[in-house]
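Heads up, the thing below is written out as structure tokens.
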Amino acid sequence: MELVDRYIAAVQRELPENKRQEIGRELKANICDQLDALSEQGKLTEAQTAEVLKTMGHPRKVAQQFSPSAPIVAIEDIPLLKHTLFMVLGVLFVLQVVGGTMQWLGTAESSLVGFLHYIAAGFIEDASFAFTAIVLSFWLVSMQGKTVSGRHCQKWQPQNLPKVGPAWEHISLSDVFTDLATYLFLLLVIWSSVWMSNEQLSTPTVMFSANAQQLLQWFTPIIVLSVFNSLWQLRRRVWAVELLVANIGINVAYALFLLVLAFSSPILQSTNEGVQSIATLAMLDKGLSYCLIIAALFPSYESVRDILRCRKLAK
Amino acid sequence: MTSSQLVKMRLELRRGVLVLAVLGLLKQPHYGYSLRKQLQQGGIDIDEGTLYPLVRRLADQGLLESEWRQAEGRERRYYQLSLLGAELLSQLTDEWQQLNGALAFLLEQSADTNSADINSSDKSSDISAEEV
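Residue numbers (the working numbering), protein chains in the order written: chain A, 11 to 325; chain B, -10 to 121.
Encoded structure:
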């Protein structure tokens, strides 16, 4: 009997306070009935009692069956929860890149590792808070027996669904947020003279030449257009001809600009005696030119890809 | 199909039927162990870890009434259908009979189609063998 009491106590420990007494009492009555039935066949051994309890199942499993724990978030809300998390974490990543860029440009060290560390640490901190807040909000709604997606699911119209198409027609959220982070990073670098103090501006040892700086500033409207284009993609989430045409235009502009910048030597100038050695600066300039030519290949590829997609959609 | 898939699907199949069987048996008062024995005698083997929580859930939903009684020197909790439970049982029984009839017809039909397919494929293989 001691084994039974230990088993009941173990089950009770896993149960909510208000159910322990009642379930424990009932479980004990049921187990005793089984043991009685066994003892009718002969003297009941401890091994037989243990076998009966083992057949009942692990105390935690039995407690879970008697009092199943409700999921933190309603099953119907899981896709919406994932989507919300992705969107919010994406925005936080973009903001962190913006903050990281300003910090990076504003410090004397300008270490790439420091920049990446700042972004990673800040993002993890913000993302932890956002994750907790979002999950808690969903949990509060679930606690009231409601679902967040319930109202939205009732309002939908079949006519508003996107047409059937290949997988590429769906615009990936990660692509949009990566693009947005890149554009904002570029804007901050190009217009660093506007938001940086004189003290900070005097710190960098290598910076864009006047010619390159002017070219970059002329290109600003295209970058701003790119931001709007990304926001448009975020709203539509499915490629359409007009979105593809806009994307082709922007990518062609980027490819041409990168090539022009690559061949507009000198791209860099130095304010520091240590780096003013002609060989060092020329090497940096040449390296950057090659990098810009390689970078131009990406928007070129995307332009060709989007032209082909545009043709497919037009058919 | 793997054995784990079979076990999972059997469980799914039995889950709904089990509620009906328990409600049906509890027209008469039963305590946990006697209910299990009755189910076993009726050909439904169910483990205690599933049956006892199920009975409690049905009671929590107001489908069963329960009372503690002293018998053979020990206390036992007896369960019996409530009015709501009896009403639901009647509706579920109709639903089950309808479903059972429809399923029997569908399964019989698919069995006929399968045997017809096997016969026709046997004939065609005979013909091709003769042609060869």
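Positions of the beta carbon are idealized from the N, C-alpha and C atoms, including for glycine.
Span of the alpha helix (DSSP H) around residue i
{"i": "residue 70/A", "result": "69 to 76"}
{"i": "residue 247/A", "result": "First-last for residue 247/A: undefined, no H or E at that position."}
{"i": "residue 276/A", "result": "Element bounds for residue 276/A: n/a, residue is neither H nor E."}
{"i": "residue 28/A", "result": "27 to 49"}
{"i": "residue 26/B", "result": "21 to 30"}
{"i": "residue 42/B", "result": "37 to 49"}
{"i": "residue 61/A", "result": "56 to 66"}
{"i": "residue 149/A", "result": "122 to 153"}
{"i": "residue 4/A", "result": "The question about residue 4/A has no answer here: the residues shown for chain A are numbered 11 through 325."}
{"i": "residue 1/B", "result": "-8 to 14"}
{"i": "residue 327/A", "result": "Summary: the structure shown does not reach residue 327/A, with chain A confined to residues 11 through 325, and so no result is reported for it."}
{"i": "residue 184/A", "result": "183 to 200"}
Below-8 Å beta-carbon distance, residue i vs any chain A residue
{"i": "residue 65/B", "result": "yes"}
{"i": "residue 21/B", "result": "yes"}
{"i": "residue 36/B", "result": "yes"}
Per-residue burial, residue i [other beta carbons within 10 Å of its own, 16 or more giving buried]
{"i": "residue 66/A", "result": "buried"}
{"i": "residue 111/A", "result": "buried"}
{"i": "residue 139/A", "result": "exposed"}
{"i": "residue 42/B", "result": "buried"}
{"i": "residue 106/A", "result": "buried"}
{"i": "residue 240/A", "result": "buried"}
{"i": "residue 80/A", "result": "exposed"}
{"i": "residue 332/A", "result": "Absent from the model: residue 332/A. The displayed extent of chain A is 11 to 325, so no value can be given."}
{"i": "residue 306/A", "result": "buried"}
{"i": "residue 198/A", "result": "buried"}
{"i": "residue 146/A", "result": "exposed"}
{"i": "residue 300/A", "result": "exposed"}
{"i": "residue 59/A", "result": "buried"}
{"i": "residue 10/A", "result": "No answer is possible for residue 10/A: it lies beyond the span of chain A, which begins at 11 and ends at 325."}
{"i": "residue 50/B", "result": "exposed"}
{"i": "residue 73/B", "result": "exposed"}
Opening and closing residue of the beta strand (DSSP E) in which residue i lies
{"i": "residue 59/B", "result": "53 to 60"}
{"i": "residue 70/B", "result": "63 to 70"}
Neighbour flag for residue i against chain B, beta carbons, 8 Å
{"i": "residue 37/A", "result": "yes"}
{"i": "residue 72/A", "result": "yes"}
{"i": "residue 34/A", "result": "no"}
{"i": "residue 40/A", "result": "yes"}
{"i": "residue 16/A", "result": "no"}
{"i": "residue 113/A", "result": "no"}
{"i": "residue 153/A", "result": "no"}
{"i": "residue 11/A", "result": "no"}
{"i": "residue 65/A", "result": "yes"}
Neighbourhood of residue i by C-beta, 7 Å cutoff - its chain only, sequence neighbours within 5 removed
{"i": "residue 121/B", "result": "Summary for residue 121/B: the model assigns pLDDT 42, below 50, so the residue's position carries little reliability; its value from the coordinates is reported in the next sentence. There are no such residues."}
{"i": "residue 60/B", "result": "none"}
{"i": "residue 276/A", "result": "219 and 295"}
{"i": "residue 263/A", "result": "232"}
{"i": "residue 26/A", "result": "77"}
{"i": "residue 137/A", "result": "99 and 102"}
{"i": "residue 95/A", "result": "141 and 144"}
{"i": "residue 190/A", "result": "104, 237 and 240"}
{"i": "residue 166/A", "result": "none"}
{"i": "residue 67/B", "result": "18, 19, 20, 55, 56 and 58"}
{"i": "residue 133/A", "result": "102, 103 and 106"}
{"i": "residue 90/A", "result": "158 and 159"}
{"i": "residue 45/A", "result": "54, 59 and 62"}
Same chain only: Cβ atoms within 8 Å of residue i, ignoring 5 sequence neighbours per side
{"i": "residue 70/B", "result": "12, 15, 16, 52, 53, 54 and 78"}
{"i": "residue 242/A", "result": "253 and 256"}
{"i": "residue 9/B", "result": "78, 81, 82 and 85"}
{"i": "residue 261/A", "result": "309, 310, 312, 313 and 316"}
{"i": "residue 194/A", "result": "104, 107, 108, 111 and 237"}
{"i": "residue 269/A", "result": "302, 303 and 306"}
6 Å CB neighbourhood of residue i in its chain, flanking five on each side removed
{"i": "residue 90/B", "result": "none"}
{"i": "residue 34/A", "result": "18 and 22"}
{"i": "residue 310/A", "result": "265"}
{"i": "residue 325/A", "result": "none"}
{"i": "residue 10/A", "result": "The structure shown does not extend to residue 10/A, since chain A is modelled only from 11 to 325, so the question has no answer here."}
- Query: Taking Cβ-Cβ distances below 9 Å as the criterion, which residues of the segment 43 to 63 of chain A are in contact with chain B?
  - Reply: Residues passing the 9 Å Cβ filter: 43, 44, 46, 47 and 62.
- Contact residues within the segment 38 to 53 of chain B, judged by C-beta distance below 8 Å to chain A: Listed by position along the chain: 38, 39, 41, 42 and 45.
- Task: Mind checking the segment 73 to 86 of chain A against chain B and listing, in chain order, the residues whose C-beta falls within less than 7 Å of any C-beta there?
- Result: Across the segment 73 to 86 of chain A, CB contacts with chain B closer than 7 Å involve 75 and 76, in sequence order along the chain.
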